[in-house]
Amino acid sequence: MTLTREAPLITTPVVRRKPRTRDGWVTAIMVAPATVLYTVMLIIPVGLALYLSLTDWDGFSANPAFVGAANYVNLLDDPELRRAALVTLLVAAAGTAGLNLLGLGFALLVNGVSRANTFFRIVLFYPHVLSALVVGFLWSAILGTTGAVNNLVTTWGGEVLPFLSDPTWATITMIAVLVWAGFGVNVVLYLAGLQAVPHSLIEAARIDGATRLQVFRNVTLPALGPSVTVNIVLSLVTLLKTYDLVVSLTAGGPAGQTQTVAYLILWNSFHDARLGFGSAQSVLLMLVTAALAFVVTRLRRRGELAVHQ
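In the working numbering, the protein residues as written are 3 to 311.
Here it is as structure tokens:
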């Protein structure tokens, strides 16, 4: 008779799962505050703007008059809006370029751990802490017709420089002030991207004899692709809705030549009491901003994929 050895019986512990309904309630409770905030701060205002854009309302009457798409038709024939749109696109394009070039340049300069770099990072970021209204009043006091710079120029026998009184000068001045006030954020974002660049790749390129310019162009810049995309999109969206600095720096002048679309929306809505028309302008600006952000993001993603292939 042969004896056979039985295999030991292996038992697996029984894992009791929590009821899915309970997990669903927990998830709903955790998400509820953010959902309520998102609805109150975004969904409801957008819906209200869409409704008001179909009405002729002065902001005071109890019952807004429904006019359908009349406000949107009037937008196409508004020369003031076309001029403001050109100014806004110019500010957005030139400002985005300036913010990112200065942001990346200064990020490369203050990259690294040292007391001096920490100090300069604080100095570069400080203008962004100031309110845009304060920044506008500050530079108006410096560059205005009777400002500090022109007082010095006239004291030395020179002529008054039209920083804010000439349309071309005023537009350039506004873009320069916007870049000065905002590029500190770009510096911080590019510094975060530089910290993520693998140091081993840089060392390998240097060992192979690459110069600093070659290392930056072939190693650092491709690795900064996601940071460049984020910075461009954020800068573009921010500049497209510029209005507060226009209020305090140029007030839309001279002769309305520096009015942006966002500034014009506020002027039509509250100064001219045309909230329906202003709402139509705001809806148009929102759609254009979303479309441009989407297109830029897609183009940047394609560029990043092409670099890595």
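Every residue, glycine too, gets a C-beta built ideally from N, C-alpha and C.
Rounded separation between residue i and residue j - CA only
i, j, result
"residue 29", "residue 291", "33 Å"
"residue 295", "residue 306", "16 Å"
"residue 3", "residue 25", "Because the pLDDT of residue 3 is 46, which lies under 50, any placement of that residue in the model is unreliable, and the question is left without a value."
"residue 184", "residue 124", "13 Å"
"residue 168", "residue 255", "9 Å"
"residue 293", "residue 286", "11 Å"
"residue 300", "residue 96", "20 Å"
"residue 236", "residue 243", "11 Å"
"residue 229", "residue 65", "48 Å"
"residue 102", "residue 119", "19 Å"
"residue 38", "residue 50", "16 Å"
"residue 201", "residue 100", "28 Å"
"residue 297", "residue 289", "12 Å"
"residue 211", "residue 113", "22 Å"
"residue 54", "residue 245", "21 Å"
"residue 108", "residue 209", "26 Å"
"residue 273", "residue 41", "29 Å"
"residue 92", "residue 276", "26 Å"
"residue 85", "residue 171", "16 Å"
"residue 213", "residue 27", "58 Å"
"residue 205", "residue 216", "12 Å"
"residue 44", "residue 135", "24 Å"
"residue 223", "residue 203", "12 Å"
"residue 35", "residue 145", "46 Å"
"residue 218", "residue 122", "22 Å"
Option in the options with minimal Cα separation from residue i
i, options, result
"residue 165", "141, 188, 39", "141"
"residue 248", "175, 204, 230, 44", "175"
"residue 181", "235, 241, 231, 200", "241"
"residue 232", "303, 221, 52, 134", "303"
"residue 129", "102, 108, 179, 98", "179"
"residue 82", "37, 297, 258", "258"
"residue 104", "260, 234, 269, 50", "234"
"residue 89", "115, 51, 54, 177", "177"
"residue 133", "270, 268, 250, 269", "250"
"residue 115", "212, 196, 229", "196"
"residue 194", "210, 209, 227", "227"
"residue 238", "98, 34, 35, 44", "98"
"residue 271", "35, 62, 214", "62"
"residue 252", "31, 52, 122, 143", "143"
"residue 52", "87, 73, 160", "73"
"residue 278", "46, 47, 56", "56"
Cβ-Cβ distance between residue i and residue j below 7 Å
i, j, result
"residue 192", "residue 106", "yes"
"residue 147", "residue 162", "yes"
"residue 126", "residue 187", "no"
"residue 221", "residue 207", "yes"
"residue 69", "residue 60", "no"
"residue 260", "residue 157", "no"
Where the alpha helix (DSSP H) through residue i begins and ends
i, result
"residue 206", "201-209"
"residue 59", "Where residue 59 is concerned, there is no enclosing alpha helix (DSSP H), given that its DSSP letter is neither H nor E."
"residue 107", "81-111"
"residue 116", "First-last for residue 116: undefined, no H or E at that position."
"residue 231", "227-242"
"residue 216", "214-217"
"residue 176", "169-197"
"residue 157", "150-157"
"residue 138", "134-145"
"residue 247", "246-251"
"residue 45", "Taken as a continuous stretch (DSSP letters only), residue 45 belongs to no alpha helix (DSSP H), as it is neither H nor E."
"residue 73", "72-78"
"residue 263", "263-268"
With a threshold of 8 Å, are at least 3 pairs of Cβ atoms found where one atom belongs to the segment 257-267 and the other to the segment 145-157? Segments in contact, no.
Per the contact definition of three or more C-beta pairs closer than 8 Å, is the segment 280-287 in contact with the segment 69-84? Contact between the segment 69-84 and the segment 280-287 is present, because at least three Cβ pairs lie under 8 Å.
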